[in-house]
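J.: Take a look at the following structure, please.
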Amino acid sequence: MNASEFRRRGKEMVDYMADYLEGIEGRQVFPDVCPGYLRSLIPTTAPQEPETFEAIIEDVEKIIMPGVTHWHSPYFFAYFPTASSYPAMLADMLCGAIGCIGFSWAASPACTELETVMMDWLGKMLQLPEAFLAGEAGEGGGVIQGTASEATLVALLAARTKVTRHLQAASPELTQAAIMEKLVAYASDQAHSSVEKAGLIGGVRLKAIPSDGKFAMRASALQEALERDKAAGLIPFFVVATLGTTSCCSFDNLLEVGPICHEEGLWLHVDAAYAGSAFICPEFRHLLNGVEFADSFNFNPHKWLLVNFDCSAMWVKKRTDLTGAFRLDPVYLRHSHQDSGLITDYRPGQLPLGRRFRSLKMWFVFRMYGVKGLQAYIRKHVQLAHAFEALVRQDARFEICAEVTLGLVCFRLKGSNKLNEALLESINSAKKIHLVPCSLRDRFVLRFAICSRTVELAHVQLAWEHIQEMAAAVLRAQGEEKAEMQNGWLGKEERRKKRTVNSYRQDLTTYIGDCAYTPHIQETPKMSRLLKSRPDPAIGKRR
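Here it is, written out as structure tokens:
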């Protein structure tokens, strides 16, 4: 493919993408395929000779699209949103064309410097404390990670290195292994599974702090765990506070947890993967109060800020906490400006060496939407979530299971977990909308997340009508099942009664016959009890 054909095919691809997104509402949101469907449709080896672009696009529609879950369908209400916008797609195209690997300033000065500026732009949109901004000479700053999972792991590893060096400086005889076996990290029992994974990778124990009635971590529960572990000779060092949990979008109490971490000298990492985007709206900024106590903060613009995956924004108050933990300096990566203090090399602040030009997406989106446009987008999703909440509350068969703060509604049918499992299975099997569940205090709960960039109130209303129809069918089936079970029990009971009556009659007949034909037989105690206790339904008297 030369430049001329690239121009032609590029225009065709943009048309295909635009047609796909404009027509996505007409596609079934969840595919009709089984595991392994793809292998039989694709050759077992790569082609020896080139194939045409037309053939590839034909196979995209014939082979790939039938197996795609359409995350940007207005009927996709599962998980959390994954951002998508035309400006971000265009920026990704440019990123691919430039194709730099921006591990250092020298590897691509624009890639490095635009990231620094964009992270400051975004930090100011969130009204983060100045300590988190790079500015021209700040100690803090932002770095774009691939995911929130990476950000949590990076923060934990940096905290582990920091506390280990501090303890070894005070007590040189302590080995790293001796320290590691005593380190303890903490997070709410509602924290994302990636926090637990970070503990596993980091080789430290992670303890779950019981959440309160609103599924939030509170100071008292954290303090109790800290005191208990310190008394046992363990070393607390790291706390993850979640703002907007995956299960139900609950918020740990930063204003309570933060001061404890500060007093105890614990690294506080704030994970706001989903909810963080909402903090650009003044009416939701209070949910971030207490972030001034944090050492690191992270959220995903690729979830809700119209910047395509992958783009996870992480800030630290001290960049040296990251660079000091991960810095390796082979001669082939060095450059003359790395110690000038004028730039930031991002490779020591992440797990991989290579990094894409991800800040381009932020630059395009922020400029083409503006802060007001992004705020309007967030507010629309929140309004739609509250509209769905109102619909649920109007139906006495259902209940809301957690406070609705942003774009997620947790709800269920009043009844058993089995009933709600059947409802979700019924909904997703129909494939008109797509939902996923969560577990709250051992209750099976359905999550309804506003996800698509194009979702409107009409889609939410249609989704609710579909849920009601499925609920009616499930309840009807449950009623029929109960009736069958009850009828089965009544049938068994009737048969038992008949067996009892027949047995009584048989015993009585035998006794009377024996007495008539064998006069010396006397009434036995057993038969006496039988005659006194068993009613004869044909006579209606007791003997």
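All residue numbers for the sequence shown refer to my numbering, where the first residue is 10 and numbers rise by one. All residues carry an ideal CB built from backbone N, CA and C; glycine is no exception.
1. Alpha carbon to alpha carbon, how far is D68 from I53? Give it in angstroms, no decimals.
2. Just checking my contact of L243 with V193 at CB under 8 Å: how many whole Å lie between their CB atoms?
3. Tell me which residues share the same chain as I548 and place their Cβ nearer than 8 Å to its Cβ, disregarding the 5 neighbours each side in the sequence.
4. From the DSSP output, in three-state form, read off D280 for me.
5. At what residues does the beta strand (DSSP E) containing A447 begin and finish?
6. Return yes when the Cβ of A160 is within less than 8 Å of the Cβ of S321, no when it is not.
7. What first and last residue would you give for the beta strand (DSSP E) that runs through K216?
8. Three or more beta-carbon pairs under 8 Å between the region 106-125 and the region 362-374, yes or no?
9. What does DSSP give as the partner residue(s) for R456 in the beta ladder?
10. Buried or exposed: where does R421 fall if 16 or more other Cβ atoms within 10 Å of its Cβ makes it buried?
11. Since I believe T353 is in contact with G150 (beta carbons under 8 Å), could you give me their beta-carbon distance rounded to a whole number of angstroms?
12. Could you give the uninterrupted runs of the beta strand (DSSP E) lying entirely in the region 90-130, keeping only those of 3 residues or more?
13. Per DSSP, which residues does N307 bridge with? Please list them.
14. DSSP three-state label for P245, please.
15. Compare the beta carbon distance of S203 and A157 with 8 Å and say whether it is the shorter of the two.
16. Ends of the beta strand (DSSP E) at Q154?
17. Can you name, in chain order, every residue of its own chain whose Cβ lies under 7 Å from the Cβ of E430, other than the five neighbours on each side?
18. Tell me the rounded alpha-carbon separation between V38 and M226.
19. Taking contact to mean 3 or more Cβ pairs, one atom from each stretch, closer than 8 Å, check whether the region 264-282 and the region 292-307 are in contact.
20. Need the endpoints of the alpha helix (DSSP H) that I210 sits in, please.
21. Going by DSSP, name the residue or residues bridged to T251.
22. Looking at the structure shown, is L235 part of a helix, part of a strand, or coil, going by DSSP?
23. Could you give the first and the last residue of the continuous beta strand (DSSP E) run that contains Y195?
24. Apart from the five residues just before and just after H390, which ones in its own chain have a Cβ nearer than 6 Å to its Cβ?
25. Only counting the same chain, and skipping five residues up and downstream in sequence, which positions put a Cβ closer than 7 Å to that of P219?
26. Along the chain, where does the beta strand (DSSP E) containing E408 start, and where does it finish?
27. Where do the ends of the alpha helix (DSSP H) carrying K440 lie?
28. Within a Cβ cutoff of 7 Å, which residues of the same chain sit near T518, ignoring the five residues on either side of it in sequence?
29. Take L466 and list the residues in its own chain whose beta-carbon comes closer than 7 Å to its own, dropping the five residues that flank it on each side.
30. Along the chain, where does the alpha helix (DSSP H) containing M22 start, and where does it finish?
31. Just how far apart, CA to CA, sit G285 and N309?
32. Would G363 and L331 qualify as a contact pair, given that the criterion is a beta-carbon distance under 8 Å?
33. Could you say if the region 177-191 and the region 134-145 meet the contact criterion of at least three C-beta pairs nearer than 8 Å?
34. Based on Cα-Cα distance, which residue from K441, S117 and R456 lies nearest to C447?
35. From which residue to which residue does the alpha helix (DSSP H) around I65 run?
36. Look at the Cβ atom of F373, then the Cβ atom of L99, and state whether they are nearer than 8 Å.
T.: The structure says:
1. Mapped onto the sequence shown, residue 53 falls at position 44. Mapped onto the sequence shown, residue 68 falls at position 59. First, the residue type needs correcting, since residue 53 is Thr and not Ile in the sequence shown. Their backbone Cα atoms lie some 15 Å apart in a straight line.
2. Here residue 243 refers to the residue found at position 234 of the sequence shown. Here residue 193 refers to the residue found at position 184 of the sequence shown. Going by Cβ atoms, the distance from L243 to V193 rounds to 5 Å, so yes, they are a contact pair.
3. Taking the sequence shown and counting its residues from 1, one reaches residue 548 at position 539. With a pLDDT of only 38 at I548, under the threshold of 50, the placement of this residue in the model should not be trusted; the figure read from the coordinates follows. Cβ neighbours of I548 beyond the five flanking positions: none.
4. Residue 280 sits at position 271 when you count from the first residue of the sequence shown. Looking at D280 - three-state DSSP - the assignment turns out to be strand.
5. Locating residue 447 in the sequence shown gives position 438, where the first residue counts as 1. The question names Ala, but residue 447 in the sequence shown is Cys. Per DSSP, C447 belongs to the beta strand (DSSP E) from V445 to L449.
6. In the sequence shown, counting from the first residue as 1, residue 321 sits at position 312. In the sequence shown, counting from the first residue as 1, residue 160 sits at position 151. The answer is yes: Cβ separation under 8 Å.
7. One-based indexing of the sequence shown puts residue 216 at position 207. Residues R214 to I218.
8. yes
9. As a first step, residue 456 is located in the sequence shown; it is residue number 447 there, counting from the start. In the DSSP output, where bridge partners are listed per residue, R456 has C419 and V445.
10. Taking the first residue of the sequence shown as position 1, residue 421 is located at position 412. With 16 or more other Cβ atoms within 10 Å, it is buried.
11. Locating residue 150 in the sequence shown gives position 141, where the first residue counts as 1. Locating residue 353 in the sequence shown gives position 344, where the first residue counts as 1. G150 to T353, Cβ: 6 Å. Contact.
12. none
13. Position 298 of the sequence shown, counted from the start, is the residue given in the question as residue 307. Paired residues: D280 and M323.
14. In the sequence shown, the residue the question calls residue 245 occupies position 236. In this structure, P245 counts as strand in the three-state DSSP scheme.
15. The residue you call residue 203 lines up with position 194 of the sequence shown. The residue you call residue 157 lines up with position 148 of the sequence shown. Their beta carbons are under 8 Å apart, which means S203 touches A157 by this criterion.
16. Within the sequence shown, residue 154 is the residue found at index 145, counting from 1. Taken as a continuous stretch (DSSP letters only), the beta strand (DSSP E) holding Q154 covers G150 to Q154.
17. Translated into positions along the sequence shown, residue 430 becomes position 421. The residues are F453.
18. Indexing the sequence shown from 1 puts residue 38 at position 29. Indexing the sequence shown from 1 puts residue 226 at position 217. Looking at the two C-alpha atoms, the distance is approximately 36 Å.
19. yes
20. By one-based count along the sequence shown, residue 210 stands at place 201. Residues S202 to G211.
21. For the purposes of this step, residue 251 is taken as residue 242 along the sequence shown, with counting starting at 1. Note: T251 sits in a beta bridge opposite D280.
22. Taking the first residue of the sequence shown as position 1, residue 235 is located at position 226. DSSP places L235 in helix when its eight states are reduced to three.
23. Counted from its first residue, the sequence shown places residue 195 at position 186. Start and end: L192 to S197.
24. Along the sequence shown, one-based indexing puts residue 390 at 381. Cβ neighbours of H390 beyond the five flanking positions: G416 and I459.
25. For the purposes of this step, residue 219 is taken as the residue at position 210 of the sequence shown. Excluding positions up to five away in sequence, the list reads D198 and A230.
26. If you number the sequence shown from 1, residue 408 lands on position 399. Residues F407 to I409.
27. As a first step, residue 440 is located in the sequence shown; it is residue number 431 there, counting from the start. Run containing K440: none; DSSP gives neither H nor E here.
28. Looking up residue 518 in the sequence shown gives position 509. For T518, the predicted model reports a pLDDT of 48, less than 50, meaning its position is unreliable and no value from the coordinates is stated.
29. Residue numbering aside, residue 466 sits at position 457 when the sequence shown is read from its first letter. Around L466: L393 and A396.
30. Within the sequence shown, numbered from 1, the residue matching residue 22 stands at position 13. M22 -> alpha helix (DSSP H) spans A12 to E31.
31. Position 276 of the sequence shown holds residue 285. Position 300 of the sequence shown holds residue 309. Spanning the two alpha carbons is a distance of roughly 7 Å.
32. Position 354 of the sequence shown, counting from 1, holds the residue named residue 363. Position 322 of the sequence shown, counting from 1, holds the residue named residue 331. Going by C-beta atoms, G363 is not nearer than 8 Å to L331.
33. no
34. Numbered from 1 along the sequence shown, position 438 holds the residue referred to as residue 447. Out of K441, S117 and R456, R456 has the C-alpha closest to the C-alpha of C447.
35. Position 56 of the sequence shown holds residue 65. Looking at the DSSP string, the run of the alpha helix (DSSP H) that includes I65 is F62 to D68.
36. Counted from its first residue, the sequence shown places residue 373 at position 364. Counted from its first residue, the sequence shown places residue 99 at position 90. Going by C-beta atoms, F373 is nearer than 8 Å to L99.
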